[in-house]
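In mature numbering (1 follows the signal peptide of the UniProt record, and there is no 0), the protein residues as written are -18 to -1, 1 to 268. Here's the structure we're looking at; comments come further down.
If you want it as structure tokens, here you go:
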């Protein structure tokens, strides 16, 4: 079997984080795909995106003060240990053990992550001969166009759907998708909420239905983690605001402004952690 054929098979699934941006409309923040280790990973990193092309709300932000490699440790609590450029080691927790599902944590203790410029994260699978890569956009123009079409449709359907239920749709041209929508409260956003979607896309419809339960359980768990962390941060900020100048706050917080998920989550390594969760799900699906 040729390397080209292997790549096509491995890229059956792709997971996307999308956002309804107040400035740019439906936007892609991060997509995670599988490539063969026989490929040149750099070919999938994409071109560097200028800061002016993206606002803070829809930008994939990765800390610049870390070395290119990080080891994931802690099977029970999904702890992510990163090596900063300084000698001091930083260790931060993704979630508590009681919140984590075994499926999402499987193999977490042996994965390796690489942070790459332009914004890209790479994880080597420890269960097979493949690599998981997260970037702002896929390098394939055809795949990018398909995902753009799917994202536009997701946020159109969202207005008339139950946000707690997964959306399933697709066709041969754009692929078949399963989507879970969620909203985060943010008083600096228009309407005090920001809308997001986790989308799993496959070239084959039967692959989505055969893996329905695995996909739904994992996406639901990810949304729960994000939502719980966002609520905790919002409550903490509310307590801080209560001790601040009330007149100043009323004037400054009523104006909608872009804000990225890393800021909302108060976690500079949010997208690194999300890449890990996407990679673990892809490792189950491929």
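Built from N, CA and C at the ideal position, the CB exists for glycine as well.
Going by other Cβ atoms of all chains shown within 10 Å of its Cβ, with 16 needed for buried, is residue i buried or exposed?
| i | result |
| --- | --- |
| residue 157 | buried |
| residue 212 | buried |
| residue 210 | exposed |
| residue 15 | buried |
| residue 154 | exposed |
| residue 125 | buried |
| residue -1 | buried |
| residue 174 | exposed |
| residue 182 | buried |
| residue 108 | exposed |
| residue 136 | buried |
| residue 147 | exposed |
| residue 208 | buried |
| residue 252 | buried |
| residue 191 | exposed |
| residue 152 | buried |
| residue 42 | buried |
| residue 82 | At residue 82 the pLDDT is 34, less than 50, meaning the model places this residue with poor confidence; the figure from the coordinates comes in the next sentence. Buried, by the Cβ-count rule. |
| residue 144 | exposed |
| residue 222 | exposed |
| residue 110 | exposed |
| residue 189 | buried |
| residue 9 | buried |
| residue 127 | exposed |
| residue 60 | Legend: pLDDT at residue 60 = 35, less than 50; position of this residue unreliable, no value from coordinates given. |
Would you list the residues sitting across from residue i in a DSSP beta bridge?
| i | result |
| --- | --- |
| residue 246 | In the DSSP output, where bridge partners are listed per residue, residue 246 has none listed. |
| residue 163 | 179 |
| residue 158 | 152, 184 |
| residue 18 | 112 |
| residue 9 | 1 |
| residue 191 | Paired residue(s): none; residue 191 is not in a bridge. |
| residue -6 | 184 |
Please check the pair residue i and residue j, which I expect to be a contact at CB under 8 Å, by giving their CB distance rounded to whole angstroms.
| i | j | result |
| --- | --- | --- |
| residue 37 | residue 117 | At roughly 18 Å, the Cβ-Cβ gap does not stay under 8 Å, so residue 37 and residue 117 are not in contact. |
| residue -4 | residue 163 | Not confirmed; about 15 Å, so no contact. |
| residue 320 | residue 112 | For the chain, the structure presents residues -18 to 268; residue 320 sits outside this window and is missing. |
| residue 254 | residue 103 | 6 Å |
| residue -6 | residue 267 | 5 Å |
| residue 4 | residue 244 | Residue 4 to residue 244, Cβ: 17 Å. No contact. |
| residue 204 | residue 259 | 5 Å |
| residue 2 | residue 177 | 4 Å |
| residue 101 | residue 44 | 5 Å |
| residue 121 | residue 114 | With a Cβ gap of about 15 Å, residue 121 and residue 114 do not count as contacting. |
| residue 139 | residue 149 | 6 Å |
| residue 215 | residue 248 | 5 Å |
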